[in-house]
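Below is one structure, written out as structure tokens; comments come after it.
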Amino acid sequence: MSLKISFMETRPNLLIVDDVLTNIFLLEVVLRKAEVNLIKASSGFEALEKTQGIDLALAIVDVRMPRMSGYELAVKLNEDRLDNKVPVIFLTANSVDELEIFEGYGSGAVDYIIKPFDSKILVSKVNVFIDLYNQKQIVLRDAALMKESALELKRVNAALKKSEKKYRSYIDHAPHGVFIADETGKFIEVNRAVSVITDYSEDELLTMTFDDLVQADTKRGEDNFTHLIRTDSEELELLFRHKSRSSRWMSMQSVELDKHRMLCFIQDITVRKHAEEELQHSLNQLHQLTRHIEEVRENERVVIARELHDDLGQALTAVKIDLGIIKQKVTDQEVILKVDQLSELVRETIFTVQRLTTELRPQIIDDLGLEAAIEWYTDEFARRNRLNVYCSLHPGISLPQSVSLIIFRIMQESLTNISRYANASRVDIELIQTYEQIEFSVIDNGIGIKESEIHSKKSFGIIGMKERTALMGGNFEISAGRENGTRVKIEIPLKA
Amino acid sequence: MKILVCDDHKIVRDGLKQILQQLGRDTLICEAGDGNQALALLKNEHFDILLLDISLPGMSGMEILQLVKVRCPSINVLMLSMMPQEQYAIQSLKYGASGYLTKDTASEELLLAVKKVSEGGKYISHTLAENLAMHLSKHEGKQKHELLSGREFEIMVKLADGKSLQEIGNELFISDKTVSTYRSRIMEKMELSKNTELTRYCLEHTLIK
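Respectively, the protein sequence lines represent chains A and B.
Take any residue in the first sequence, count from 1 to its spot, add 105: that is its number in our numbering.
Take any residue in the second sequence, count from 1 to its spot, add 2: that is its number in our numbering.
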């Protein structure tokens, strides 16, 4: 910077050397108008001393001087100035032989001015050299600036390299796989984690493409790599090939760096994925188990109901009949009384057996159909709980026995819930058959059910209803009823 | 008089036979263990009365009843069942049975029932008769529209309001065919046949304005 300022503010130095003071004075007058800084010396020694370390644009030197001639001075002056030789104009008397001129040029002379000189010529010659000098200075300055810029560039490059190295090491040590791929899926850069994850070395990876690494079946259709990562800005879950072991699940996110490069981050989620799969698996098993239990329970009920009805019920009926016959054959009033008591007891027991049987398995569904079964059950329910039940049943509905039974059981469960919790005064039951499905709803006008109660762990009844419906490929939902109450609705598809 | 007893339990058949024999010497009693046996016997012989259990292996008593009434319409069928529900009795009578007895009935009642039925009358178990009466009177004292379910009532008001099946279906997210089904059920319960009658009813009961 200092160099630059010196150019701007100081005038070029012009050295005048003559042992005759009058000549110096004369030159000074002549060069008065030139924009230069005059350095005057009356001898070669003085000149050398005064210009020590000073840049000179031009020297005007008298050739004949005692002790050190102008030529000698010119040689000495330029001895240490290797790159910026000072041009020298020699002042000489009129008689100059050619040899002398030759010597002069050899010592750095650029021109001769013969005394007495024409001041205009001298000034214009001086101006030429000053211009030359100034131009040279500009060139020098530009060169210096360029040099400085070059140095700056070098420093920046070094810093850049250092920082690149730093970030490179961050990426290299990152626990997640980071790679850059081009639009054909070819890997351009990979970090260490990618190698660790896939067991392929960095060199191997750089010869491969994304398609080589990702197992085809996890990619959607025939989508290529570019399409896959460009259309999905969200996280993708892909199965990555492992060189030596089984494949690993990766979650991948990608960023488009430019038209031809994608920056991708991958994370090994195999453990999580397996845990998810296991969870799903055990959930499925749980569903299956629940359904199995439901079926087993239903079947067991049928068996127990049948045994109760067939064995116990019929035996009791026979006992009742026989008691009647005995009664007719005896005359002892005490015995008759006893038989009557026994008959009554048996009658009540038959009643109990009927009730148990019906609770276990409502035979009425098989004998009279769902409509009659619902009518009977809701009548009983309305009577027991002192509320009104309104049925709107699709007339002449004909359903497979299994579907009828599930609808009936769900109605039972719903009504039990209503009597226990709902505090309702009215229940509407609807059974609708459309072309493709059966819709069954139980709606009450009670206090309603909270979302938390629907999902409560204790709502096994609701879970049971859900599973029963699912068993038929149907849909089950609990929602708010018409007023404040609850609506239980199932939809079961009719198989063609 | 020829009586056929159809029950799958021999012990019950024996008991019934013993009771029925009290009807006199001219009473002939035959047995069948299931529906097929009964139908085979009925094909070849004439019986006056069929005593039919409802819970039977294979064909149920209700199914046998329907077949029997088609093949031998003149026979009087007396249903015998452990089922206490009045729906059985109603359905049995609809299918042409002459009587319905629950198995807790006393033997005197059985004899009474057989006599009554053989004379062409109808008989319903004493205990069941009470239930039946209650069943039939459960809607007593109620306005007709009070018998409708919530959804039926909703649709009736819309129909009375002059809305088309299509419009109602759109409003309730159900097909117009379903609305049509609802409509016929409403008309049945209301004992009406035209939408205009529905509108008049609703206006009279200020269900619409």
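Don't be surprised by glycine CBs; every beta carbon is placed ideally from N, CA and C.
Note that the structure is predicted; figures quoted are calculated from it, not measured.
Residue i to residue j span [Cα, whole Å]
{"i": "K19/B", "j": "V181/B", "result": "54 Å"}
{"i": "G123/B", "j": "G26/B", "result": "20 Å"}
{"i": "I633/A", "j": "I552/A", "result": "Because chain A in this structure spans residues 106 to 601, residue 633/A falls outside the shown range and cannot be described."}
{"i": "M158/B", "j": "H207/B", "result": "13 Å"}
{"i": "E403/A", "j": "I409/A", "result": "10 Å"}
{"i": "T454/A", "j": "L473/A", "result": "25 Å"}
{"i": "L421/A", "j": "D427/A", "result": "10 Å"}
{"i": "R202/B", "j": "E88/B", "result": "36 Å"}
{"i": "Y482/A", "j": "E340/A", "result": "54 Å"}
{"i": "N118/A", "j": "E208/A", "result": "25 Å"}
{"i": "A380/A", "j": "N389/A", "result": "14 Å"}
{"i": "S507/A", "j": "I469/A", "result": "14 Å"}
{"i": "M251/A", "j": "L237/A", "result": "21 Å"}
{"i": "V376/A", "j": "S274/A", "result": "27 Å"}
{"i": "N296/A", "j": "K266/A", "result": "18 Å"}
{"i": "E596/A", "j": "Y125/B", "result": "42 Å"}
{"i": "S497/A", "j": "V424/A", "result": "42 Å"}
{"i": "Q242/A", "j": "R186/A", "result": "15 Å"}
{"i": "H137/B", "j": "K146/B", "result": "16 Å"}
{"i": "M3/B", "j": "E33/B", "result": "14 Å"}
{"i": "E342/A", "j": "L318/A", "result": "14 Å"}
{"i": "P467/A", "j": "Q459/A", "result": "10 Å"}
{"i": "E148/B", "j": "D484/A", "result": "16 Å"}
Beta-carbon spacing of residue i, residue j below 9 Å
{"i": "S83/B", "j": "T104/B", "result": "yes"}
{"i": "T395/A", "j": "G569/A", "result": "yes"}
{"i": "T463/A", "j": "P86/B", "result": "yes"}
{"i": "L54/B", "j": "I66/B", "result": "yes"}
{"i": "I234/A", "j": "I194/A", "result": "Before going on, a small fix: residue 234/A reads as Phe here, not Ile. Yes, Cβ-Cβ distance for F234/A and I194/A is below 9 Å."}
{"i": "E154/B", "j": "I188/B", "result": "yes"}
{"i": "S619/A", "j": "V135/A", "result": "Since the first residue shown for chain A is 106 and the last is 601, residue 619/A is missing from the structure and cannot be characterised."}
{"i": "S359/A", "j": "F370/A", "result": "yes"}
{"i": "G149/A", "j": "V191/A", "result": "no"}
{"i": "L196/A", "j": "I165/A", "result": "yes"}
{"i": "N78/B", "j": "G101/B", "result": "yes"}
{"i": "L599/A", "j": "Y540/A", "result": "yes"}
Among the options, the one whose alpha carbon lies nearest that of residue i
{"i": "I210/B", "options": "L194/B, S109/B, G164/B, Y184/B", "result": "G164/B"}
{"i": "G17/B", "options": "D106/B, R73/B, M61/B", "result": "D106/B"}
{"i": "R406/A", "options": "L310/A, G158/A, N296/A, L465/A", "result": "L465/A"}
{"i": "E400/A", "options": "F370/A, G590/A, V193/A, R573/A", "result": "R573/A"}
{"i": "D625/A", "options": "V72/B, A108/B, I21/B", "result": "Residue 625/A is absent from the model: chain A starts at 106 and stops at 601."}
{"i": "S349/A", "options": "A214/A, H414/A, Y305/A", "result": "Y305/A"}
{"i": "S94/B", "options": "V70/B, A162/B, G152/B, V7/B", "result": "V70/B"}
{"i": "E535/A", "options": "I293/A, A529/A, I543/A", "result": "I543/A"}
{"i": "Q419/A", "options": "V116/B, A99/B, V14/B, L112/B", "result": "V14/B"}
{"i": "D188/A", "options": "E288/A, L245/A, S174/A", "result": "L245/A"}
{"i": "S134/B", "options": "S166/B, L30/B, Y90/B, R185/B", "result": "It is Leu, not Ser, that sits at residue 134/B in the sequence shown. Nearest option by C-alpha distance: Y90/B."}
Within-9 Å CB hit, residue i to chain A
{"i": "Y184/B", "result": "yes"}
{"i": "Q145/B", "result": "no"}
{"i": "K4/B", "result": "no"}
{"i": "H137/B", "result": "yes"}
{"i": "H11/B", "result": "yes"}
{"i": "I1/B", "result": "In the structure as shown, chain B starts at 3 and stops at 211, and residue 1/B therefore has no counterpart that could be examined."}
{"i": "M63/B", "result": "In the sequence as presented, Met is not what sits at residue 63/B; that position holds Gly. Yes, contact with chain A."}
{"i": "I21/B", "result": "yes"}
{"i": "T180/B", "result": "yes"}
{"i": "M189/B", "result": "no"}
{"i": "I31/B", "result": "no"}
Cβ of residue i within 9 Å of any chain B Cβ
{"i": "A585/A", "result": "no"}
{"i": "L344/A", "result": "no"}
{"i": "K324/A", "result": "Only weak support is given to the placement of K324/A: the predicted model assigns it a pLDDT of 49, under 50, and the value that follows is read from those uncertain coordinates. False, the Cβ-Cβ gap to chain B never drops below 9 Å."}
{"i": "R466/A", "result": "no"}
{"i": "V458/A", "result": "yes"}
{"i": "I426/A", "result": "yes"}
{"i": "S448/A", "result": "yes"}
{"i": "L599/A", "result": "no"}
{"i": "I441/A", "result": "no"}
Quiz item: For the stretch 408-488 of chain A, which segments carrying the beta strand (DSSP E) assignment without a break, of at least 3 residues, lie completely within its bounds, in sequence order?
Solution: none
Exercise. Give, in chain order, every residue of the stretch 541-557 of chain A whose Cβ lies closer than 7 Å to some Cβ of chain C.
Key: In the structure shown, chain C cannot be found, because the protein chains are A and B.
Quiz item: Which residue spans inside the stretch 184-269 of chain A form an unbroken alpha helix (DSSP H) run of at least 4?
Solution: 203-211
Exercise. Return the chain-ordered ranges of every alpha helix (DSSP H) run that is complete within the stretch 119-203 of chain B and spans a minimum of 4 residues.
Key: 128-138, 152-162, 167-174, 178-192
Quiz item: In chain order, which beta strand (DSSP E) runs of at least 3 residues are fully inside the stretch 130-167 of chain A?
Solution: 142-146, 163-167
Practice problem: Identify every run of the alpha helix (DSSP H) within the stretch 24-62 of chain B, keeping only runs that are complete inside it and at least 4 residues long; order them along the chain. | Solution: 37-46
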